[in-house]
Amino acid sequence: VPVSLCVSLCVSPCVPVSPVCVPSAGVVKAEDYTLPVYVDRRDVPLPEVAFVRDLSAQQRALKEKEKASWSALSVDEKVELYRIKFNETYAEMNKGTNEWKTILGGVLFFLGLTGLILIWQKHFMYGPIPHTFSDEWVSAQTKRMLDMRVNPVQGLTAQWDFDKNEWKK
Numbered sequence: 009v010p011v012s013l014c015v016s017l018c019v020s021p022c023v024p025v026s027p028v029c030v031p032s033a034g035v036v037k038a039e040d041y042t043l044p045v046y047v048d049r050r051d052v053p054l055p056e057v058a059f060v061r062d063l064s065a066q067q068r069a070l071k072e073k074e075k076a077s078w079s080a081l082s083v084d085e086k087v088e089l090y091r092i093k094f095n096e097t098y099a100e101m102n103k104g105t106n107e108w109k110t111i112l113g114g115v116l117f118f119l120g121l122t123g124l125i126l127i128w129q130k131h132f133m134y135g136p137i138p139h140t141f142s143d144e145w146v147s148a149q150t151k152r153m154l155d156m157r158v159n160p161v162q163g164l165t166a167q168w169d170f171d172k173n174e175w176k177k
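Numbering (my numbering), first residue to last: 9 to 177.
Take a look at the structure:
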């Protein structure tokens, strides 16, 4: 974007470091993703950059005081120096989350929904159980197959003793 065009469109003047001009919004600097970023990770104990990049006047004074003897610093000042460099302590990083409750709730919800769908299907979609599943029908069918001597070599009637009229042992 030419600087003259940028100045005419934007509220503030353009900076020559890859700006993007947006009318009535000023200059928006595009992020440079090649620079190191701060990340709290247990396996990388020292991040590449400090958590707080732009220090306030009080924080700059504290950083100057840090260069002297640490015994002169109070506990609160030491904690403030730690919070400038790091966002979380190891205890805070290792602290468990309550995400398991959400996952368990979701699983139980969908199991309950599935159960309701199955009950609805059994009640409204499926017909009654066929009469061929009744005990009387199964015993009559078995007797009929034995009387017809169905599959006498390896099948059902191979297990029936016709002389004693009972199942072989």
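The C-beta atom is built at its ideal place from N, Cα and C for all residues, glycine as well.
Keep in mind the model is a prediction, meaning the values are calculated, not measured.
Within the same chain, show all residues whose beta-carbon is closer than 7 Å to that of residue i, passing over the 5 residues directly before and after it, in chain order.
| i | result |
| --- | --- |
| residue 139 | 145 |
| residue 56 | 44 |
| residue 157 | 165 |
| residue 101 | 48 and 50 |
Kindly identify the DSSP beta-bridge partner or partners of residue i.
| i | result |
| --- | --- |
| residue 168 | 175 |
Where does the unbroken alpha helix (DSSP H) through residue i begin, and where does it stop?
| i | result |
| --- | --- |
| residue 86 | 83–93 |
| residue 68 | 65–74 |
| residue 134 | Segment: none, residue 134 is in no alpha helix (DSSP H) and carries neither H nor E. |
Can you tell me whether DSSP reads residue i as helix, strand or coil?
| i | result |
| --- | --- |
| residue 151 | helix |
| residue 46 | coil |
| residue 110 | helix |
| residue 80 | helix |
| residue 102 | helix |
| residue 96 | coil |
| residue 143 | helix |
| residue 115 | helix |
| residue 163 | coil |
Taking 8 Å as the limit between beta carbons, can you name the residues of its chain near residue i, skipping five residues before and five after?
| i | result |
| --- | --- |
| residue 169 | 175 and 176 |
| residue 89 | 70, 71, 74 and 81 |
Taking C-alpha atoms, which residue in the options lies nearest to residue i?
| i | options | result |
| --- | --- | --- |
| residue 98 | 52, 36 and 147 | 52 |
| residue 173 | 83, 154 and 105 | 154 |
| residue 65 | 100, 92 and 148 | 92 |
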